[in-house]
Amino acid sequence: MTRNRTAVISGFIGVLGLFVCSAASGLAGLGLVDVVLQSLPVPAGFPIEQFLAHWWVFPASVLFSLVALSSGVSGALFFSPFFMLVVGLSPSQAIGAGLLTEVFGMGNGLLNYVRQRTVDYATAKWLLLGAVPTVVVGAFAAHHVPTTLLTIAFGAGLLLLGSFLVYYDPPEKCVPGEGEGSFLEEKNTGRGETVIETTDGETFRYDTCWRPPGLGLATAGGFITGLISAGLPEITTTQLIVRCRLPPRVAIATSVFVLAIAAIAGAAVHALAATPVWYVVAWSIPGVLIGGTVGTRVGKYVPSEIMEPALGVVFALVGVIVLGSELLA
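Okay, structure coming up:
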């Protein structure tokens, strides 16, 4: 798999700068924001002082959502490490807040895919059979395993997912069926044809996939998503293309649809298992709504073959930092 090394390095530096700027903004004060927000009515018992102190989560969320949607990477990969390393939340709090933020942030993109009729619902049903139960198990595990083990799992997960982004080509560049091998080629043959007709007049025809590989990937991705709030689309999207013959546009839309439902289930478990960190997500949710609106418009101008590996390097680096801070402490 070929990459433009100079472009990837430039993208890496740019993304790393985004993280640094977002972290630095947390050290600054903004008296005008405090004055304005203190004049607004708030629910009884709401931690207004903590809420005001975390105003900088809002601009960071706008930036993260914009980059995530424009590059096609899961937003939770940004938010969970940001909440843990910069905001200072515990691993379980950071994971829950990241998943809850992602649920709201992906709404605009999901609606677009549904309206365009690019989702393969027959495949999505099988993926959901594996993803939903395991995302619930992973979310429960995040609140019951020791903090040290959860932190190690979080760091290892970031390292693994970062490696996925670096190693595999972006979904748009993959060729359907190129990685299925002789065994899957035999299994995928003779199972009928799937036809997807989009609202813009494009028609996709491809052999119906043998379901167990996708089910297995969704099962693993769902558990990882419940445990560290990211992983399902990164693991499943490319594999649906290269091993199950789905066209890239259909595979991306189907993965987003599955992630949306699985993320809702995982976020609900996190919300029931522990009180959400409302003074943080009250800033992050509006941020991703704004960033998502802009991101869907600028996404076509962002070269994914540069951004995805650059982001992969950043996430792998963050994973190493998380592992090092826990294992060397």
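Positions in the sequence shown are counted from 1; adding 142 to them yields this note's numbering. Glycine included, each C-beta is placed from N, C-alpha and C at the ideal position. Predicted model, so just to flag it, every value in this text is computed and none were measured.
Smallest Cα separation from residue i: which of the options?
i: Y309; options: L453, L470, G466 and V422; result: L453
i: T265; options: M248, W352 and V245; result: W352
i: T340; options: T290, P389, V456 and F296; result: P389
i: E335; options: R347, H412 and V423; result: R347
i: S371; options: R333, A410 and V209; result: A410
i: A239; options: T435, G461 and P418; result: P418
i: D311; options: V456, F200 and P451; result: P451
i: V317; options: V398, H196 and L382; result: L382
i: P233; options: F325, G299, Q192 and N254; result: G299
i: S305; options: V462, L469 and V199; result: V462
i: Q235; options: A416, G373 and T367; result: A416
i: V204; options: L194, L470 and V436; result: V436
i: S426; options: I190, S207 and E191; result: S207
i: F246; options: Y263, G217 and V256; result: G217
i: E320; options: E468, I403, T276 and R387; result: R387
i: V464; options: K315, I294 and G429; result: I294
i: A354; options: G272, S324, P313 and N254; result: Rather than Ala, the amino acid found at residue 354 in this sequence is Pro. Of the listed residues, the one whose Cα sits closest to P354 is G272.
i: P328; options: D349, E468, F282 and V337; result: Reading off the sequence shown, one finds Glu at residue 328, where the question assumed Pro. Residue D349 is the option with its Cα nearest to E328.
i: I406; options: W198, L231, A202 and E244; result: E244
i: F282; options: P428, I366, F193 and L470; result: I366
i: F193; options: L469, H285, V460 and W420; result: W420
i: I394; options: V337, A202, L231 and V256; result: V256
According to DSSP, is residue i helix, strand or coil?
i: Y348; result: strand
i: E339; result: strand
i: V478; result: As shown, the chain starts at 143 and ends at 471. That puts residue 478 outside it, with no answer to give.
i: V197; result: For the sequence presented, residue 197 should be read as Trp rather than Val. If DSSP states are grouped into helix, strand and coil, W197 belongs with coil.
i: G323; result: helix
i: Y309; result: helix
i: V261; result: coil
i: P355; result: helix
i: G217; result: coil
i: P223; result: helix
i: P275; result: helix
i: I388; result: It is Leu, not Ile, that sits at residue 388 in the sequence shown. Residue state, collapsed to three classes: coil.
i: G331; result: At residue 331 the sequence reads Thr, which differs from the Gly that was named. Three-state result, T331: coil.
i: G299; result: helix
i: L231; result: coil
i: G251; result: helix
i: V287; result: coil
i: A360; result: helix
i: S203; result: helix
i: A372; result: coil
Beta-carbon of residue i versus every beta-carbon of chain B: anything under 7 Å?
i: T435; result: Annotation note: the requested chain B is absent from the structure, which comprises a single protein chain.
Roughly how many angstroms separate the alpha carbons of residue i and residue j, rounded to a whole number?
i: G364; j: I237; result: 14 Å
i: L302; j: A458; result: 7 Å
i: T380; j: V392; result: 11 Å
i: T396; j: E344; result: 16 Å
i: A362; j: I432; result: 31 Å
i: L242; j: A413; result: 8 Å
i: A210; j: N330; result: 33 Å
i: F296; j: F220; result: 13 Å
i: V481; j: V274; result: Given that the chain is displayed from residue 143 to residue 471, the structure contains no residue 481 and the question cannot be resolved.
i: M248; j: L401; result: 9 Å
i: E376; j: V229; result: 25 Å
i: A195; j: G356; result: 44 Å
i: Q258; j: L252; result: 10 Å
i: V422; j: V384; result: 39 Å
i: L326; j: I190; result: 56 Å
i: V261; j: V398; result: 9 Å
i: V277; j: G332; result: 32 Å
i: G131; j: G408; result: Given that the chain is displayed from residue 143 to residue 471, the structure contains no residue 131 and the question cannot be resolved.
i: F200; j: L359; result: 34 Å
i: L374; j: P313; result: 14 Å
i: L469; j: L292; result: 12 Å
i: V455; j: L307; result: 8 Å
i: V430; j: G323; result: 40 Å
i: G280; j: A404; result: 11 Å
i: N254; j: D342; result: 12 Å
i: A202; j: P428; result: 11 Å
i: S467; j: V337; result: 50 Å
i: A284; j: K315; result: 35 Å
i: T378; j: G434; result: 22 Å
i: T289; j: V460; result: 18 Å
Taking 6 Å as the line, does the beta carbon of residue i fall inside it for any heavy atom of the ligand ZN?
i: L303; result: The ligand ZN is absent from the structure shown, which contains no ligands of any kind.
Inset, instruction - Starting from the N-terminal side, write out each stretch of the alpha helix (DSSP H) that is 4 residues or longer and does not extend beyond the stretch 399-469. - result: Every alpha helix (DSSP H) stretch that sits fully inside the stretch 399-469 and reaches 4 residues is listed by chain position as 420-440 and 446-469.
Inset, instruction - Could you tell me whether the stretch 221-228 touches the stretch 262-281, where touching means 3 or more Cβ pairs closer than 8 Å? - result: Contact between the stretch 221-228 and the stretch 262-281 is absent, because fewer than three Cβ pairs lie under 8 Å.
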